[in-house]
Each structure stands twice: as C-alpha cells, then as structure tokens.
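Novice: Structure in structure tokens, see below.
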Ligand SMILES: Cc1cc2nc3c(=O)[nH]c(=O)nc-3n(C[C@H](O)[C@H](O)[C@H](O)COP(=O)(O)OP(=O)(O)OC[C@H]3O[C@@H](n4cnc5c(N)ncnc54)[C@H](O)[C@@H]3O)c2cc1C
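In structure tokens:
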C-alpha cells in the first residue's frame, strides 16, 4: 500500500479493527474507523450497570481475557502493558465437573499468562481508536460498499443511506459485511455483494461463528466454595465457563467484599435459543428466561451459590453474542 495519499476505511472497532487502524495511522495513512456500536471494543466489551443503591458494576461480558503465543504480539502487548491499558490477570483456573460436583484439572500457577484490558477489556480498543491519525465514528453502521471503477475507490454509505466518503482501501473486520446474517439483523442486504468476490466468499464462509449468551451476576460476598477465579464446565448442557470479573486487576469500582461473575453459555444452548427466537435482537423476556435458566444451572452445581444482589428488571442480565 502506498501510504502517501492512502485513505483507508476500517469497518469495526473491535480488537482487529483497532489494531489495524492504529498500525496504519502510525505509518501515516489517513484512517477512518466505523463501528455500529456506541464505543470501541466489539467482542472485547465491557458493560456498565448501576444497582438500585447507585453502586456501579462493570462486566467484561465478551472475551474475559487473552493469551499471547507469538513473539510479535508479545511485543505489542508489552507496549500496551507499559501504557497501563493491559495488565496480567494472575488468576487460577480449573474445570468443574457437573456430574461429580468436583473441581479438577487445576491449572499450574503462572503456566499461561492471562492478560486483561484495564480497567475494562474494551480499554485497549478505546485507547487505540483515539490515537492520532485515527478518526473513529461510532454508532455508524456501514450499510453499503461500492467499488467505483472509474475512480478506483470504494464508496461507503451508512445503513440510513448517508454518504460516508470514498476510500482507496477498506478493511472489513466482521464477516457480517458480506453475510446473510446482516440481513437477519437489519432486514437489509449485506453491504458487500460477495458473489462478486468468489474467493473471498469461500474464505468468509470458513470463519466459524459460535453463539453464546453471557450472564452477568453480582454477589454480596465471595463464593466461598469456589477456589478459583475462572472455570470451565464439564457435563453441563447450558454453561461452558464462569469468570470472577471482580478479581481482575483495575476493577476498583467493585466494593471489596462483593464479587461479580460472568457466566458463558454453551454454544449448543445458545443455538437452541436462537433457533427458537430467530436472528433478531432477543426481547427482554427472552433474555430474562435465558438468565433464569443459566443461573438455575449455576445454582445446581452444589457450590452454595446465593441469590445475586445485582437484580434489575429481571434479576440478572444476559447478553447475546452473535
Ligand atoms: C463470550 C465470548 C468469549 C470469548 N472468549 C475469548 C477468550 O477467552 N480469549 C480470546 O482470545 N478470545 C475470546 N473471545 C473471542 C474474541 O472476543 C474475539 O475473537 C475478538 O474480540 C474479535 O475481535 P474482532 O475485532 O475481530 O471482531 P469484533 O470484536 O466482533 O469486532 C467487529 C466490530 O465490527 C462492527 N461491525 C460489524 N459490521 C459493521 C458494519 N457494517 N458497520 C460498522 N461496524 C460494523 C461490530 O459492531 C464490532 O464492534 C470471546 C468472544 C466472546 C463473544
């Protein structure tokens, strides 16, 4: 890419788009990043909730942490650590067998370094999207992308038909831009007609998408029978993981004795629900039912799970991913 006059649109302010935008801007490329969401983060998200007594709770309801297996990435993450937007989560993990009611496979301490964004998983993306040279536009869904042969550039328009400008290159970080799922969510054709790009179409189809519901719960005191900060479930039809969010570094907003947890559903459970309710955003009632079911399963572990103190309209909050 010739950076001198290059104008690049990045679709998506998740970690892929944010890193891409930051790297390009660092090389002098004019980058405009668009994201449908209210802010940066994508699936590395954090949600703010306020309890009835005014206490603020924050939940990393997407990716709970990440690991690094590549030297080049390690260098980048080291830079983020130095900037204070990432920290190591010194968490002990294990597996919980729902059939025997026992924790097994305790991870060796420090065997794999786990990193989290600080103070939230979205902090990395937020910081990268606000770097010099990155113009970030949130709350904007790219609804149409057209290649203008005569101008050798891409013309982008929003879902409501607003002109978003012309760009030499477009980096799309979500397979939605060319997938029927976009239509399922918006009722409109996807921005990119992938039938014009058969090779890309095959590659996009190969990207796996696994649905998941995340349940966010807070307790007035620590879960005394849980000896770890995160655990996977064996032999559970509906739960796959549980993470103690409040044990992460930089989550100072949680009063010391309280604990907040995020539970992830299994993909199979999420698929079943989604097949039943359809691809559109689930209703409040549907989410409340998911919350009930997942929390009931958590309580059925025999780990003396008390009633949560975080209850809004329907006790716990569920968030549907994908
Ligand atoms: C519940 C859950 C648990 C996970 N656990 C882990 C884990 O433990 N470790 C790990 O490493 N990873 C984990 N992941 C995966 C990780 O979160 C993702 O791989 C990563 O965040 C994807 O980043 P991305 O930037 O590629 O995509 P995304 O974060 O999905 O970002 C894409 C962005 O594009 C935007 N967008 C899409 N279409 C348009 C459009 N037309 N116009 C404008 N904006 C658009 C979306 O709003 C979104 O913000 C988990 C994910 C989830 C959901």
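In this note's numbering, the protein residues as written are -12 to 309. Yeah, the Cβ is synthetic: ideal placement off N, Cα and C, and Gly gets one too.
Does the separation of the CB atoms of residue -1 and residue 30 fall below 7 Å?
Specialist: Counted from its first residue, the chain shown places residue -1 at position 12. Counted from its first residue, the chain shown places residue 30 at position 43. In this structure, residue 30 does not lie closer than 7 Å to residue -1 by Cβ.
Novice: Per DSSP, which residues does residue 246 bridge with? Please list them.
Specialist: For the purposes of this step, residue 246 is taken as residue 259 along the chain shown, with counting starting at 1. Looking at the DSSP assignment, residue 246 forms a beta bridge with 206.
Novice: Specify, as a first and last residue, the run of the beta strand (DSSP E) that residue 148 falls within.
Specialist: Locating residue 148 in the chain shown gives position 161, counting from the first residue. No beta strand (DSSP E) holds residue 148; DSSP gives it neither H nor E.
Novice: Note down the Cα distance separating residue 24 from residue 120, rounded to an integer number of angstroms.
Specialist: As a position in the chain shown, residue 24 is number 37, starting the count at 1. As a position in the chain shown, residue 120 is number 133, starting the count at 1. Taking the straight line joining both Cα atoms gives about 20 Å.
Novice: Count the other C-beta atoms from every protein chain shown that fall within 10 angstroms of the C-beta of residue 246, then say buried if there are 16 or more, exposed otherwise.
Specialist: Translated into positions along the chain shown, residue 246 becomes position 259. By the 10 Å Cβ count, residue 246 comes out buried.
Novice: Counting only the same chain and skipping the five closest in sequence on each side, list residues whose C-beta sits under 6 Å from that of residue 178.
Specialist: For this step, residue 178 is matched to residue 191 along the chain shown. Around residue 178: 129, 130, 131, 132, 164.
Novice: Taking the alpha-carbon positions, what's the residue 293 to residue 216 distance?
Specialist: As a first step, residue 293 must be located in the chain shown, where it is residue number 306. As a first step, residue 216 must be located in the chain shown, where it is residue number 229. Between the alpha carbons of residue 293 and residue 216 lies a distance of about 17 Å.
Novice: With three or more C-beta pairs closer than 8 Å as the rule, is the region 27 to 43 touching the region 220 to 227?
Specialist: No: the two stretches stay apart, fewer than three of their Cβ pairs being nearer than 8 Å.
Novice: Where residue 186 and residue 193 are concerned, what is the direct C-alpha to C-alpha distance, given to the nearest angstrom?
Specialist: Taking the chain shown and counting its residues from 1, one reaches residue 186 at position 199. Taking the chain shown and counting its residues from 1, one reaches residue 193 at position 206. So the two alpha carbons sit approximately 11 Å from each other.
Novice: Cα-Cα, which of 27, 144, 268, 116 is closest to residue 198?
Specialist: Stepping through the chain shown from its first residue, residue 198 is reached at position 211. Checking every option, the nearest Cα to that of residue 198 belongs to 268.
Novice: Taking 6 Å as the cut-off, is the CB of residue 57 close to at least one heavy atom of ligand 1?
Specialist: Within the chain shown, numbered from 1, the residue matching residue 57 stands at position 70. Residue 57 Cβ: outside cutoff for every heavy atom of ligand 1.
Novice: Contact between the region 224 to 233 and the region 275 to 292: three or more CB pairs below 8 Å?
Specialist: yes
Novice: Return helix, strand or coil for residue 105, following the three-state DSSP convention.
Specialist: Counting from 1 along the chain shown, the entry for residue 105 is found at position 118. Reduced to three states, the DSSP call for residue 105 is coil.
Novice: Please report how far the alpha carbon of residue 58 lies from the alpha carbon of residue 16, in whole angstroms.
Specialist: Position 71 of the chain shown, counted from the first residue, corresponds to residue 58. Position 29 of the chain shown, counted from the first residue, corresponds to residue 16. The alpha-carbon atoms of residue 58 and residue 16 are separated by roughly 25 Å.
Novice: Could you compute how far the alpha carbon of residue 143 sits from the alpha carbon of residue 62?
Specialist: Residue mapping note: residue 143 aligns to position 156 of the chain shown, counting from 1. Residue mapping note: residue 62 aligns to position 75 of the chain shown, counting from 1. Each residue's alpha carbon lies about 34 Å from the other.
Novice: As a quick exercise: from 196, 148, 297, 51, pick the residue whose alpha carbon is nearest that of residue 257.
Specialist: For the purposes of this step, residue 257 is identified with residue 270 of the chain shown, where counting begins at 1. Ranking 196, 148, 297, 51 by Cα distance to residue 257 puts 196 first.
Novice: Who are residue -2's beta bridge partners in DSSP?
Specialist: In the chain shown, counting from the first residue as 1, residue -2 sits at position 11. Looking at the DSSP output, residue -2 bridges to 21, 159.
Novice: Taking 7 Å as the threshold (C-beta atoms), are residue 127 and residue 110 in contact?
Specialist: Numbered from 1 along the chain shown, position 123 holds the residue referred to as residue 110. Numbered from 1 along the chain shown, position 140 holds the residue referred to as residue 127. No, the Cβ-Cβ distance between residue 110 and residue 127 is not below 7 Å.
Novice: If residue 105 and residue 69 are in contact, beta carbons under 8 Å, what's the gap, nearest whole angstrom?
Specialist: One-based indexing of the chain shown puts residue 105 at position 118. One-based indexing of the chain shown puts residue 69 at position 82. With a contact defined as Cβ atoms closer than 8 Å, residue 105 and residue 69 miss out at about 12 Å.
Novice: Do residue 251 and ligand 1 come close, with the Cβ less than 6 Å from some heavy atom?
Specialist: For the purposes of this step, residue 251 is taken as residue 264 along the chain shown, with counting starting at 1. Yes, since a heavy atom of ligand 1 falls inside the 6 Å radius drawn around the Cβ of residue 251.
Novice: Could you give the DSSP three-state label for residue 124: helix, strand or coil?
Specialist: Within the chain shown, the letter at position 137 stands for residue 124. In the three-state DSSP reduction, residue 124 falls in the strand class (E or B).
Novice: According to DSSP, is residue 3 helix, strand or coil?
Specialist: Counting from one through the chain shown, the residue named residue 3 turns up at place 16. Helix.
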